[in-house]
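Residue numbers (the numbering used here): 132 to 334. Yeah, the Cβ is synthetic: ideal placement off N, Cα and C, and Gly gets one too. Take a look at the structure set out below.
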């Protein structure tokens with residue numbers, strides 16, 4: 132992790148607990164038309180930034196839970212300084228987890244909260260893990276984990292393994308190798324689809 136991203140003493144209230152890096156929450160609504168990058172950025176709304184645990188909870192407490200969000204809305208949590216758009220990460224990729232909306236609503240709520248806490252707590256232990264996204268859609272709730280580059284096969288594997296730990300007990304995230312669609316049965320009510328998205332880059 133580069134030093135310019137690290138939170139240092141003096142950048143946060145002395146009574147609060149600093150995070151490794153600062154984070155920014157964003158929000159946007161999916162539209163039917165395909166947007167150019169500039170239009171997409173204009174539609175993004177920055178909800179706020181924080182660099183302490185207390186700051187995270189001040190922002191998080193005002194967010195609707197995934198089960199309460201309207202359809203076709205996105206909440207994005209990214210390291211401060213990175214814009215949540217693919218053009219920002221030309222060699223990047225992401226893990227995508229789809230959870231059927233008929234599944235327990237509390238399940239996706241817990242998954243999203245666990246994922247946010249894992250990010251700000253640096254549980255992935257990879258500085259190029261830059262953001263996570265919650266997307267509400269007609270049939271699925273979608274969670275995605277973005278990383279800066281997909282050159283490192285080992286890093287992709289580690290991200291997938293960590294997602295297994297972040298998920299509920301018994302949840303299988305699937306193979307870490309790039310696959311167009313990979314399905315695993317979770318339990319009777321939930322199906323999870325995981326795929327790797329992004330360009331393969333020769334190492």
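Only counting the same chain, and skipping five residues up and downstream in sequence, which positions put a Cβ closer than 7 Å to that of residue 178? Here residue 178 refers to the residue found at position 47 when the chain shown is read from its first residue. Excluding residues within five positions, the ones whose Cβ falls inside 7 Å are 156, 157, 158, 190.
Which of helix, strand or coil does DSSP assign to residue 182? As a working mapping, residue 182 is identified with position 51 in the chain shown. Residue state, collapsed to three classes: strand.
So, does the region 193-202 touch the region 286-297, judging by three or more C-beta pairs under 8 Å? no
Taking the continuous beta strand (DSSP E) assigned at residue 265, which residues delimit it? Start at 1 with the first residue of the chain shown, and residue 265 comes out as number 134. 260-267 is the extent of the beta strand (DSSP E) around residue 265.
Distance, residue 279 Cα to residue 203 Cα: For the purposes of this step, residue 203 is taken as the residue at position 72 of the chain shown. For the purposes of this step, residue 279 is taken as the residue at position 148 of the chain shown. Each residue's alpha carbon lies about 25 Å from the other.
Can you tell me the Cβ-Cβ gap for residue 208 and residue 262, rounded? I've got them flagged as a contact below 8 Å. Residue numbering aside, residue 208 sits at position 77 when the chain shown is read from its first letter. Residue numbering aside, residue 262 sits at position 131 when the chain shown is read from its first letter. So it is a contact: roughly 6 Å between Cβ atoms.
Straight-line gap, residue 214 to residue 149 (C-alpha atoms, nearest Å): Within the chain shown, the letter at position 83 stands for residue 214. Within the chain shown, the letter at position 18 stands for residue 149. Computed Cα separation, rounded: 22 Å.
Rounded straight-line distance, which links the Cα of residue 212 to that of residue 153: Position 22 of the chain shown, counting from 1, holds the residue named residue 153. Position 81 of the chain shown, counting from 1, holds the residue named residue 212. In a straight line, the C-alpha of residue 153 is about 9 Å away from that of residue 212.
Cβ neighbours of residue 151 in the same chain (closer than 6 Å, five flanking residues each side left out): As a working mapping, residue 151 is identified with position 20 in the chain shown. Excluding positions up to five away in sequence, the list reads 253.
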